[in-house]
Every structure is written in structure tokens, then in C-alpha cells.
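S.K.:
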Amino acid sequence: MSPSSSSSPPLKSQPQTPLRRRPKAMKPPKNHHKHHSDQTPIPKPKPNRPITEILWVSLVATCIKFLLIPAYHSTDFEVHRNWLAITHSLPLSQWYSDETSPWTLDYPPFFAHFEHFLSFFASLVDPIMVHLQQGLNYKSQPTILFQRLTVIVSDFVLVFGIYRLTRNLGYKERVLIWVLVIYSPGLMIVDHLHFQYNGFLLGILLISLSDLEEGKDLLGGFVFAVLLCFKHLFAVAAPVYFVYLLRHYCRGGLIRGFGKLSIMGSAVVAVFAAAYGPFLYHGQIQQVFHRMFPFGRGLCHAYWAPNFWVFYIILDKVLAFSLVKMGFSVQTPTASFTGGLVGDSSPFAVLPRVTPMVTFSIVLLAIAPCLIKAWKDPQPRMITRWIAYAYTCGFMFGWHVHEKASLHFVIPLAIISLKSVEDAKHYFYLSIVSCYSLFPLLFEAQEYPIKVLLLLLHATLMWIAFSSHFTTTNRKAAESEQTRYNKTRFIVGWFGKLYLLGLVAVEIYGQFVHPIIFAERLPFMPLMMISIYCAFGMMYSWIWQLKQIVKCHKHR
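UniProt numbering numbers the first residue of the sequence shown as 1 and each following residue consecutively.
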């Protein structure tokens, strides 16, 4: 009996236990039907992995570059092969004095060391490639493959640079910018057909810009100094770097600012000492600078870069022709600017002669508004725009400018092309004009479909991407304001369409009409027409960027 009597009290008190009241405690709220979805498991969003995404984008681009390996390459291919031979076969003290080939070493020391590094692998692939005498104009299949691969592999510096600048953007924004840069038709034409290392060098520039945008001023200045020791033509932006770093990095009072200035100066001096110190030790520093700054080459390159000096040359020709017709005696230089020859092509018949110091002064004057803005309000978010503008000024007014130098500002402007619809429209026009101005670099018939297809695909991609991006971004904000909505849509106006159609007309004339009318005569005329017509587009870009700098355009 005792067991049963001992067990009965729990049975009677069982309904009062919390186990019977638990369903009542879990009674659903009144608005249960509205929150039913809250009880279902929510899948975790996939983590953003921009490094993986950009590698896939770059690998696809790499496959395209592999297809271009057998295509045409310019004399720059032999230039870089000879630099491999110079740095591999000769001691450092003779790198900048050797004249075995006409393609002498004329890049700064870090690029020479880069060629020296590549030459070790080149000697394993084909020893003749790095032989100073036997390697002249050497183009074996292993040599072509090796040099093409060095450009392709070095392009991953550009991939890293664009990754650094866009890793904090949204997925769609960063992928679009990656495509604009990595699949740039200008880079494809210049680096992977014509043959150069612009992608590698621009990658270093983008790394420096990413450091500045992130507030890492000391590192950004250090990387830019390294870039100048790879290619000195990037020094056009040095005044902007100097003013920006002086005002943004060296702030915090006189003593603290002077300390920071000393640190920055020490870092830059250390870079230049590492680059030029050995040549100073060997007594070759004057020869190095003589090679790097060949002012005797003249104001214009053989093929005129589409810049301000095109209009200056044409004005001189028109004035000389008019004065002769009016009976004046004018001594006109024979084919000084229309012969397509490399050399001192700077004489003018009527207008004053242009010297390197004149071009330097004009470039500095053109950059001045940007320097004033950087001094008054050094903003990291504006540095990419300022640097792009500086390179535009160097392209428009510089001495002996190559058409390939347009990549120095076209690539940075791709990064800010999504800041506003105005930036997108400007980049749309500029990138098309810049790419088309590079067409004369590929003059053989078998490469003609390649360059045309690259430009058409690029233009189509930009049209679709920009139209989709700005329509989607601004539809909700402006769906009740039709006028505002129209202003924020990506629309190419009638004037822009007419100008782009003019590019088509110029190309049709050069390819089909000119050969029929003139046959083999006036071979430089189609090139001159491309330069003049593209110069109008480049001038528009410079004026547009200047307006943005002056009014300190605030990005949305």
C-alpha cells in the first residue's frame, strides 16, 4: 500500500504542472497569418567573394588574349626583345649606352630590371632570343609565344589594381567596371596585338589610386614613385600627387606636418635611389636621362596623336597656303608633318615654333585648376578624377605624344563612369574615340576584322550596361517625375550620334573611297583625317573634364 499511496499525490497534482500549460504559453499571436513566413528558415545570403568573381572575369579575358597570340605585332615586339638581350648580355653599366640595335633602352631603370628578370626565363625558352647580335629581328615561335605570355601574365597586376578599387562596390557595379577595364579594346589592341605592357603599368597606377582612396597616403605615394621608375611618362600627374599629399597627408600642424613630409620624402627618395643609384655609381646617370628624354624627336609622332597640336599644325598649313595664294613668299617645310616620319618634325611655316618648354608650361597651366581644387579641398573620392584629368592635359598639350597615351586617362575614367549618368555618357564617347584613334596601329588586312569587332562589341556592351544600370537605379526615385526620370536615363543625344556616325564616314573614306580616288598617292591623308576628327572628340573630353573640376562636381 505504501507504494500506491506514495505515488498518488503526483497524479493529482499533474494537471497543475507546466507541461499542461505549455500549449497555452505557445499560443500564436493574433497576426499570426501575417508573420507566418518569419517562422520558416531563411537561407543565408551567399558571401560576396569579389576576388573569385574577378578571377573568372580575367580568365575569360585571358582566353581571348591567347587567341591573339599569332596575330600581327609591331616593331615594339623587337624593341622589347632587344631589351631582353641588352639586360641579359651586358653589365648594368652598359644598359643605356649600347647601340647594337636602333631600338635602344629608353625606359627608366625599374623597367630595365623587369626586362632583366624576364630574360632569365627567356634564355631557358630560346637562348638566341637574348643574344645581343644573333637575336636581332629574331622571331621564332617560342620567342613570340614567350613574349606574348609575359604581357598576359603581367596583366594580372591590372586585375589586382581594379579589384582593389572596386571591392567595396555592389556586385553589378564592380562587374561592369571590371569588364570595361579588363576587356578594354584599347588595351587589347595596344598590348596584345601591337605589343606593349600598358596593362601592367596601369595596374600599378590603379593600386596607388586605391591606396589614396582608402586613406593610405604614404603607401599610395610610395607606389606612384615606383611607377615613375617603371615609366616616366606617368610623371604628368606628379604635380597633382604632390599637392594632394601635401594637403591631405602632411596635415596636423607645423611640426607634425613637417614630420609627415619628411617621412613621405624619405620614402620617395629611397625609391629613386634604388632605381638610379647604381647608374649614378657607374657614371651613367646622364646617359640614362638622355635616353629617357629624347627631345630631338620633335613635337609630333609619325602618326599624329589626336590632340591640340593637330589643330595648330592644320592652322599653320592653312595660313601658309593662303599667304602663298595672296602673293607672299612663304617657305613651307617639305612634308614636315605629313610624311609620317619619326624625327624632328617641329618646323612651322607661319606660326611660332613650339619647344618642349612651351608644351611643359601649357600642360602645367592646364592642370592648374585641378591643383587649386586639390589644395583647397583634398578629397580622396576625387583623386581618381583629378589624376585622369592630369593625364588628359598631358595628352592634349604634351611633347611628342603617342596615341597610345590616351589609355592613361581612359582606364581611370572607367572606374568613375558609374558615378553619374553624365560620367557614363562622357566615358561612352571617350572610349569609342580613343579606341578608334588606335586603329592605324593595326594596318594589315587580317587584323582589320579584329579591331572593328573589338570596338563594336565594346560600344554595344557599354550601351546595354549603362542603359540598364541607370534605368534600374533611378526608376523608383523618379517614377512620379517623368522629367527627372528622363534626365537620369542613359540617352545618347542627336549631336553625339552625328559625331559617332562621322567616325563611320571617316573609316569608310579611308578604307574604300581614298584608294579609289588617289590610289597610291597621299597615303598619309586617311591617317590625318582620323587624327583631326578624333582630336575634336578628345578636345570635347578635356573641356568636359575641366568643367567638372572647376565646379567640383559632387557625385551622387
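Just so you know, even glycine gets a beta-carbon here, dropped at the ideal spot from N, CA and C.
Let's see if you can read the secondary structure: which residues bound the alpha helix (DSSP H) around TRP95?
M.R.: Counting from 1 along the sequence shown, the entry for residue 95 is found at position 95. It is not in any alpha helix (DSSP H) - TRP95 carries neither H nor E in the DSSP assignment.
S.K.: Assuming LEU299 and VAL354 make a contact with CB atoms under 8 Å, what is their CB distance in whole Å?
M.R.: Here the question's residue 299 lines up with position 299 in the sequence shown. Here the question's residue 354 lines up with position 354 in the sequence shown. Correct: roughly 5 Å between the Cβ atoms.
S.K.: Can you grab the Cα-Cα spacing for the pair LYS231 / LEU165, in whole Å?
M.R.: Counting from 1 along the sequence shown, the entry for residue 231 is found at position 231. Counting from 1 along the sequence shown, the entry for residue 165 is found at position 165. Roughly 22 Å between the two C-alpha positions.
S.K.: Do SER140 and VAL130 count as a contact pair if the criterion is CB distance below 7 Å?
M.R.: Position 130 of the sequence shown, counting from 1, holds the residue named residue 130. Position 140 of the sequence shown, counting from 1, holds the residue named residue 140. Not a contact, by the Cβ cut-off of 7 Å.
S.K.: Determine the burial state of VAL363: buried for a count of at least 16 other Cβ atoms within 10 Å of its Cβ, exposed for fewer.
M.R.: The residue you call residue 363 lines up with position 363 of the sequence shown. The residue is buried, with at least 16 neighbouring Cβ atoms inside 10 Å.
S.K.: Taking Cβ to Cβ, would you say GLY220 is nearer than 7 Å to SER208?
M.R.: By 1-based counting over the sequence shown, the position of residue 220 is 220. By 1-based counting over the sequence shown, the position of residue 208 is 208. Against a cut-off of 7 Å, the Cβ pair of SER208 and GLY220 comes out as a contact.
S.K.: Taking the runs of the alpha helix (DSSP H) that are 4 residues or longer, which of them lie wholly in the segment 238–324?
M.R.: With a minimum length of 4 residues, the continuous alpha helix (DSSP H) runs that stay inside the segment 238–324 are 238–248, 254–281, 285–292.
S.K.: Round the Cβ separation of LEU500 and ILE432 to the nearest angstrom and send it over; I've been treating them as touching at under 8 Å.
M.R.: To locate residue 500, count along the sequence shown from 1; it is residue 500. To locate residue 432, count along the sequence shown from 1; it is residue 432. Indeed they touch by this definition, with Cβ atoms about 7 Å apart.
S.K.: Pick helix, strand or coil for residue 599, following the three-state DSSP scheme.
M.R.: The question about residue 599 has no answer here: the residues shown for the chain are numbered 1 through 556.
S.K.: Terminal residues of the continuous alpha helix (DSSP H) containing THR143?
M.R.: In the sequence shown, counting from the first residue as 1, residue 143 sits at position 143. Segment 141–154, the alpha helix (DSSP H) holding THR143.
S.K.: According to DSSP, simplified to helix, strand and coil, what is VAL401?
M.R.: For the purposes of this step, residue 401 is identified with residue 401 of the sequence shown, where counting begins at 1. Residue state, collapsed to three classes: strand.
S.K.: Could you spell out where the alpha helix (DSSP H) holding GLN545 opens and where it closes?
M.R.: Looking up residue 545 in the sequence shown gives position 545. Start and end: 525–550.
S.K.: Would you kindly work out how many angstroms separate the C-alpha atoms of GLY215 and PHE195, rounded to a whole number?
M.R.: Here residue 215 is taken as the residue at index 215 of the sequence shown, counted from 1. Here residue 195 is taken as the residue at index 195 of the sequence shown, counted from 1. So the alpha carbons of these two residues sit roughly 35 Å apart.
S.K.: Measure how close the beta-carbons of ALA305 and PHE395 come, nearest whole angstrom, since I'm counting them as under 8 Å.
M.R.: Start at 1 with the first residue of the sequence shown, and residue 305 comes out as number 305. Start at 1 with the first residue of the sequence shown, and residue 395 comes out as number 395. Correct: roughly 7 Å between the Cβ atoms.
S.K.: Quick test of your reading: VAL57 and VAL175, contact by CB under 8 Å. State the CB separation rounded to the nearest angstrom.
M.R.: Residue mapping note: residue 57 aligns to position 57 of the sequence shown, counting from 1. Residue mapping note: residue 175 aligns to position 175 of the sequence shown, counting from 1. 7 Å between Cβ atoms; contact.
S.K.: Per DSSP, what kind of secondary structure is CYS393 in: helix, strand or coil?
M.R.: Looking up residue 393 in the sequence shown gives position 393. Three-state DSSP puts CYS393 in a helix.
S.K.: Short check: CB of LEU522 to CB of PRO440, under 7 Å?
M.R.: For the purposes of this step, residue 522 is identified with residue 522 of the sequence shown, where counting begins at 1. For the purposes of this step, residue 440 is identified with residue 440 of the sequence shown, where counting begins at 1. It is not a contact, given that the beta carbons lie outside the stated cut-off.
S.K.: Can the beta-carbon of ALA390 be found less than 7 Å from the beta-carbon of ALA237?
M.R.: As a position in the sequence shown, residue 390 is number 390, starting the count at 1. As a position in the sequence shown, residue 237 is number 237, starting the count at 1. Yes. Within cutoff.
S.K.: According to the Cβ coordinates, are ALA61 and ILE182 closer than 7 Å?
M.R.: One-based indexing of the sequence shown puts residue 61 at position 61. One-based indexing of the sequence shown puts residue 182 at position 182. Closer than 7 Å, so yes.
S.K.: Within 10 Å of its beta-carbon, does MET326 have 16 or more other beta-carbons around it, so buried, or fewer, so exposed?
M.R.: Within the sequence shown, numbered from 1, the residue matching residue 326 stands at position 326. Looking at its Cβ environment, which holds fewer than 16 other Cβ atoms inside 10 Å, MET326 is exposed.
S.K.: For the alpha helix (DSSP H) holding TYR328, just list the boundary residues, first then last.
M.R.: The residue given as residue 328 occupies position 328 in the sequence shown. Looking at the sequence itself, residue 328 is Phe, so the reference to Tyr does not match. No alpha helix (DSSP H) holds PHE328; DSSP gives it neither H nor E.
S.K.: Classify ASN168: buried if its beta carbon has 16 or more other beta carbons within 10 angstroms, exposed otherwise.
M.R.: As a working note, residue 168 is residue 168 in the sequence shown. The residue in question, ASN168, is exposed, as its Cβ has fewer than 16 Cβ neighbours within 10 Å.
S.K.: Looking at THR460 and GLY398, is the spacing between their C-beta atoms short of 7 Å?
M.R.: Position 398 of the sequence shown, counted from the start, is the residue given in the question as residue 398. Position 460 of the sequence shown, counted from the start, is the residue given in the question as residue 460. Cβ atoms of GLY398 and THR460: not closer than 7 Å.
S.K.: For my contact list, GLN287 and TYR107 are in at a C-beta cut-off of 8 Å; report their separation, rounded to the angstrom.
M.R.: Here residue 287 is taken as the residue at index 287 of the sequence shown, counted from 1. Here residue 107 is taken as the residue at index 107 of the sequence shown, counted from 1. With 8 Å as the limit, GLN287 and TYR107 do not qualify as a contact, their Cβ atoms being about 14 Å apart.
S.K.: Tell whether a beta-carbon distance below 7 Å holds between ALA320 and VAL310.
M.R.: Start at 1 with the first residue of the sequence shown, and residue 320 comes out as number 320. Start at 1 with the first residue of the sequence shown, and residue 310 comes out as number 310. No; because the gap between Cβ atoms is not below 7 Å, this pair is not in contact.
S.K.: Look up ASN137 in the DSSP assignment and say whether it is helix, strand or coil.
M.R.: Looking up residue 137 in the sequence shown gives position 137. In the structure shown, ASN137 sits in coil (DSSP, three-state: anything other than H, G, I, E or B).
S.K.: In three-state DSSP terms, what is TYR107?
M.R.: As a working note, residue 107 is residue 107 in the sequence shown. Three-state DSSP puts TYR107 in coil, outside helix and strand.
S.K.: Under 8 Å: do the segment 222–231 and the segment 260–269 share three or more Cβ pairs, one atom per stretch?
M.R.: Flag = yes, the segment 222–231 and the segment 260–269 touch.
S.K.: How close, in whole Å, do the beta carbons of LYS203 and VAL271 come, if the pair is a contact with beta carbons under 8 Å?
M.R.: Sequence index remark: in the sequence shown, residue 203 carries index 203 (1-based). Sequence index remark: in the sequence shown, residue 271 carries index 271 (1-based). Correcting the residue type first, residue 203 is Gly in the shown sequence and not Lys. With a Cβ gap of about 17 Å, GLY203 and VAL271 do not count as contacting.
S.K.: Using DSSP with H/G/I as helix, E/B as strand and the rest coil, what is TYR427?
M.R.: Walking along the sequence shown from the start, residue 427 turns up at place 427. In this structure, TYR427 counts as helix in the three-state DSSP scheme.
S.K.: Please classify TYR281: is it buried, with 16 or more other beta-carbons within 10 angstroms of its beta-carbon, or exposed?
M.R.: Along the sequence shown, read from residue 1 onward, the residue named residue 281 stands at position 281. Classification for TYR281: exposed.
S.K.: Give the DSSP-derived three-state secondary structure of ILE415 in the structure shown.
M.R.: Residue 415 sits at position 415 when you count from the first residue of the sequence shown. In the structure shown, ILE415 sits in a helix (DSSP, three-state: H, G or I).
S.K.: Taking GLY277 as the reference, which of GLU403, LEU546, PHE110 has the closest Cα?
M.R.: Here the question's residue 277 lines up with position 277 in the sequence shown. Out of GLU403, LEU546, PHE110, PHE110 has the C-alpha closest to the C-alpha of GLY277.
S.K.: How would you write the range of the alpha helix (DSSP H) that TYR499 sits in, first residue to last?
M.R.: Locating residue 499 in the sequence shown gives position 499, where the first residue counts as 1. Unbroken alpha helix (DSSP H) run through TYR499: 494–508.
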